[in-house]
Amino acid sequence: MWQVYFKELTELMRDKKTLIFVILLPILIFPVLFGVMGLVLSTTTSKAMQEEHRYVIVNAEQAPQFAEALFYHKNFRRIDSDLTDTQQLIAGIRAGDFDMALVIPADFQQRQSAVEQSEWQLIYNQSSQLDFMFQYFNELMRKFTEDLQMTSLSQLGVDPQRLQAILKPVEVRRIDTADIRENIGEKIGAFIAYILIPICLMGASYPAIDMGAGEKERGTLETLLICPVSRTAIVLGKFLTVLTTGLATTLITVVSLGVWTALISSFAGLDVVANVMSSISITDLLLIFLMLLPISAIFASLLLAISIYAKTFKEAQNYMSPLSFVVLMPLVAAILPGVNLTTTTAMIPLTNVALAIKELVKGTVDYGLLMMIFASTVVLAGALVAFCVHWFQQEKVLFR
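UniProt numbering applies: residue 1 is where the sequence shown begins, and numbers increase by one.
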């Protein structure tokens with residue numbers, strides 16, 4: 001078995017494609033990809049925050065104080081228009097003549113004097129995910145509404161100084177018992193698992209295809225089978241090689257991301273991120289690696305079994321493509337709000353490991369559940385390895 005393992009590992013290390021998939025991608029491409037995504041998101045958000053929004057205001061004379069505040073806001077620019085009808089204003093926004101229209105009722109001042117509620121219309125395209133325009137408008141409206149409240153209360157003979165106590169008799173101040181690590185870990189812990197587990201799958205995919213379907217295409221599988229080595233030793237040697245490459249890819253990715261995160265944090269002044277990363281102990285990192293070990297074994301056995309069954313390299317790739325979707329679905333479930341690590345979720349494959357990694361990052365892991373997850377994952381991995389060994393014994397599979 002070990003002779004087969006070292007033989008396969010040596011051949012993989014001589015292959016440039018293996019070096020690219022296992023070493024180059026985790027060290028450079030993945031961190032650069034994540035960095036570019038972060039840069040694009042940051043640039044897009046910054047641009048959206050600084051964007052100037054053209055607006056049309058109808059009946060501005062009814063609320064001169066608000067109209068003036070909107071006019072002098074740095075993110076708004078008034079456009080003169082004779083349009084007053086709602087449908088015409090919608091058509092103007094769709095045509096790109098302006099970005100927003102505010103319709104103030106013609107009887108607003110009359111209603112305000114009578115202490116009656118009035119309805120304003122804010123017309124704009126709400127499909128943008130970065131809706132800073134409404135955020136800025138809402139801030140102005142809040143200040144304007146507070147001034148109106150003070151005026152109305154004065155008209156009714158109510159002391160404006162007691163406005164806050166009248167409108168909100170009880171103020172609730174929340175005190176968070178979670179520390180910074182727990183708060184950030186709750187937000188990014190599941191995403192770390194969402195990155196690491198698919199990388200385990202990706203790192204094992206190419207070697208598995210090469211050692212199964214690739215051997216069939218090259219015609220070297222028959223030569224290997226006539227060697228004085230049992231088929232069990234052959235398949236276990238191949239399995240260990242695939243497992244090694246999957247774990248190596250994951251480890252290199254973790255180290256690379258850690259180094260890049262430390263560098264970016266130091267240059268960008270992200271002390272909170274640096275402090276959270278430094279609070280994760282070596283024990284936590286070892287436990288994360290321990291949780292990934294049986295997961296990598298599951299992937300290695302599945303991928304090797306698929307590759308052994310396939311006739312060609314391309315056929316093996318086609319069979320493995322749906323596996324990535326099957327892997328991602330349980331990981332997406334772990335990201336959903338309200339999904340926590342319990343005795344129930346601890347028995348769901350992949351979801352349990354993702355939730356366990358999140359708890360380890362948060363520093364709130366239940367070691368009893370952690371042992372349950374590890375044990376169940378090891379049992380599943382052992383069953384799949386046994387299936388892979390049995391699968392390799394079948395002549396109809398090897399020579400189909």
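Beta carbons: idealized from backbone N, C-alpha and C, even for Gly.
Being a predicted model, the structure only gives us computed values, none of them experimental.
Item, Value
"Check whether residue 102 and residue 40 have beta carbons under 8 Å apart", "no"
"Given 8 Å, three or more beta-carbon pairs between the segment 145-157 and the segment 317-333", "no"
"Contact check, residue 246 vs residue 357, beta carbons under 8 Å", "no"
"Those residues which DSSP pairs with residue 231 across a bridge", "According to DSSP, which records beta bridges pairwise, residue 231 is partnered with nothing at all."
"Span separating the alpha-carbon of residue 104 from that of residue 130", "25 Å"
"Bridge partners - residue 53, DSSP secondary structure assignment", "76"
"Backbone CA spacing between residue 141 and residue 110 [nearest angstrom]", "19 Å"
"Top-ranked residue by Cα proximity to residue 126, from 93, 150 and 115", "93"
"Touching by the beta-carbon criterion (3+ pairs, under 8 Å), the segment 309-320 and the segment 207-222", "yes"
"Under the three-state DSSP convention, the category residue 88 falls into", "helix"
"Sub-8 Å separation of residue 396 and residue 304 beta-carbons", "no"
"Inter-residue CB distance, residue 197 and residue 350 (contact presumed, cutoff 8 Å)", "7 Å"
"Among 249, 307, 319 and 368, the one whose alpha carbon lies nearest that of residue 389", "307"
"At least three beta-carbon pairs within less than 8 Å, the segment 360-380 to the segment 198-207", "no"
"Distance cut-off 7 Å: residue 349 Cβ against heavy atoms of the ligand MG", "With respect to the ligand MG, the structure offers nothing, as it holds no ligand at all."
"Beta-carbon contacts of residue 359 that lie in its chain and below 6 Å, excluding the five residues immediately before and after", "341 and 365"
"Buried or exposed (CB count within 10 angstroms, at least 16 for buried), residue 176", "exposed"
"Member of 83, 64, 195 and 336 whose CA lies at the smallest distance from the CA of residue 252", "195"
"Contacts around residue 208, its chain only, beta-carbon distance under 6 Å, and the 5 residues preceding and following it disregarded", "242, 303, 304 and 307"
"Selected residue, minimal CA-CA separation from residue 328, among 121, 153, 346 and 353", "353"
"Short Cβ contact (8 Å threshold) for residue 97 with residue 53", "no"
"Expected contact under 8 Å - CB spacing of residue 153 and residue 123 to nearest Å", "Wrong, their Cβ atoms sit about 31 Å apart, outside the cutoff."
"Best match in 331, 187 and 301 for proximity to residue 205 [C-alpha to C-alpha]", "301"
"Close Cβ partners of residue 67 (< 7 Å) along its chain, the five nearest in sequence each way excluded", "57 and 60"
"Whole-Å CB distance - residue 235 paired with residue 392, under 8 Å assumed", "4 Å"
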